[in-house]
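S.K.: Once you've had a glance at the structure underneath, I'll fire off some questions.
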Ligand SMILES: Cc1cc2nc3c(=O)[nH]c(=O)nc-3n(C[C@H](O)[C@H](O)[C@H](O)COP(=O)(O)OP(=O)(O)OC[C@H]3O[C@@H](n4cnc5c(N)ncnc54)[C@H](O)[C@@H]3O)c2cc1C
């Protein structure tokens with residue numbers, strides 16, 4: 002199959018490109034994505050309270066402002082925005098999911114891109130747009146002993162998508178820090194630059210280093226809320 006344009010990736014970049022092609026009057030194109038839905042980053046990540054860290058007015062296309070419910074919108078709202086764009090611009094017929102591009106080679110003599118998908122299928126394109134993102138493959142730092150770390154072991158053994166400290170556990174910890182800090186050198190006299198304007202210690206460990214060492218080495222899964230991993234989508238790679 003030959004197309005005028007093939008776009009790889011149905012995240013913000015790929016969708017923006019697809020809209021631009023439509024606006025330029027080009028209809029002979031497809032957007033390929035290895036996953037089973039659009040959204041890229043915002044599809045793949047679902048950890049609790051995932052929100053955009055820049056103001057929503059800036060995290061939207063200039064040609065399509067959106068009525069965001071808050072300044073830093075949540076993941077679901079961003080995904081809804083992308084789905085709305087697909088509907089508004091009639092992009093559905095151009096999207097192909099479960100299509101992972103394994104190789105792309107430019108044939109200079111024929112001036113055509115030859116694409117090979119991971120299932121062996123092939124496609125040709127006059128123009129190729131690579132919108133594959135850069136944060137789709139989590140990179141774990143290569144720290145010695147990494148695989149013995151309790152949280153990483155739990156993620157693998159329990160097949161978890163994420164884990165996050167339970168709010169009540171966090172609150173209990175914060176209260177303990179506040180009460181233990183009261184007798185520490187940072188809070189026992191004149192105002193210290195280690196504390197906030199309201200006198201709260203947010204920086205210093207208020208106990209022995211032995212306890213600190215124990216606390217950071219000891220992992221208790223019961224202190225976390227978790228979500229099991231979903232089965233991998235067809236065509237999705239190990240990203
Ligand atoms: C957890 C997280 C939070 C973030 N939060 C923010 C934020 O708050 N503010 C901000 O500005 N940015 C944030 N980013 C950055 C975010 O990635 C970009 O803002 C933007 O969404 C990237 O869009 P993209 O289309 O370039 O790439 P992506 O969203 O990564 O989309 C790329 C798409 O290409 C597909 N793909 C990749 N390789 C292939 C292949 N070989 N074949 C077929 N399909 C393929 C992928 O499946 C994916 O759907 C965050 C990133 C992460 C990971």
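In this note's numbering, the protein residues as written are 2 to 240.
In this text, a Cβ means the ideal position worked out from N, Cα and C, and glycines have one as well.
(1) Between the Cα of residue 43 and those of 53, 163, 34, spot the shortest distance and give me the residue it belongs to.
(2) Whole angstroms are fine: how far does the CA of residue 64 sit from the CA of residue 30?
(3) Within a Cβ cutoff of 6 Å, which residues of the same chain sit near residue 226, ignoring the five residues on either side of it in sequence?
(4) Round the Cβ separation of residue 118 and residue 126 to the nearest angstrom and send it over; I've been treating them as touching at under 8 Å.
(5) Given a threshold of 16 other Cβ atoms within 10 Å of its Cβ, counted over all protein chains shown, does residue 200 qualify as buried or as exposed?
(6) Between residue 90 and residue 20, which are expected to be in contact by the criterion C-beta below 8 Å, what is the C-beta distance as a whole number of angstroms?
(7) Tell me which residues share the same chain as residue 2 and place their Cβ nearer than 6 Å to its Cβ, disregarding the 5 neighbours each side in the sequence.
(8) By DSSP, does residue 1 sit in helix, in strand, or in coil?
(9) How about residue 1 and residue 39: do their beta carbons lie closer than 8 Å?
(10) Look up residue 94 in the DSSP assignment and say whether it is helix, strand or coil.
(11) Just to check my reading of the structure: residue 176 and residue 207 have Cβ atoms closer than 8 Å, yes? What is that Cβ distance to the nearest angstrom?
M.R.: Once the coordinates are examined:
(1) Counting from 1 along the chain shown, the entry for residue 43 is found at position 42. With distances taken between Cα atoms, residue 43 lies closest to 53.
(2) Residue numbering aside, residue 30 sits at position 29 when the chain shown is read from its first letter. Residue numbering aside, residue 64 sits at position 63 when the chain shown is read from its first letter. Looking at the two C-alpha atoms, the distance is approximately 21 Å.
(3) Within the chain shown, residue 226 is the residue found at index 225, counting from 1. Same-chain partners within the cutoff: 165, 167.
(4) Position 117 of the chain shown holds residue 118. Position 125 of the chain shown holds residue 126. That pair is no contact at about 12 Å.
(5) In the chain shown, residue 200 corresponds to position 199, counting from 1. It counts as exposed.
(6) Here the question's residue 90 lines up with position 89 in the chain shown. Here the question's residue 20 lines up with position 19 in the chain shown. Indeed they touch by this definition, with Cβ atoms about 5 Å apart.
(7) In the chain shown, the residue the question calls residue 2 occupies position 1. Hits under 6 Å: 124.
(8) Any answer about residue 1 is impossible in this case: the structure gives the chain only from 2 up to 240.
(9) Residue coverage of the chain in this structure runs from 2 to 240, which leaves residue 1 outside it and unanswerable.
(10) For the purposes of this step, residue 94 is taken as residue 93 along the chain shown, with counting starting at 1. If DSSP states are grouped into helix, strand and coil, residue 94 belongs with the helices.
(11) In the chain shown, counting from the first residue as 1, residue 176 sits at position 175. In the chain shown, counting from the first residue as 1, residue 207 sits at position 206. Contact flag wrong, Cβ pair sits at about 12 Å.
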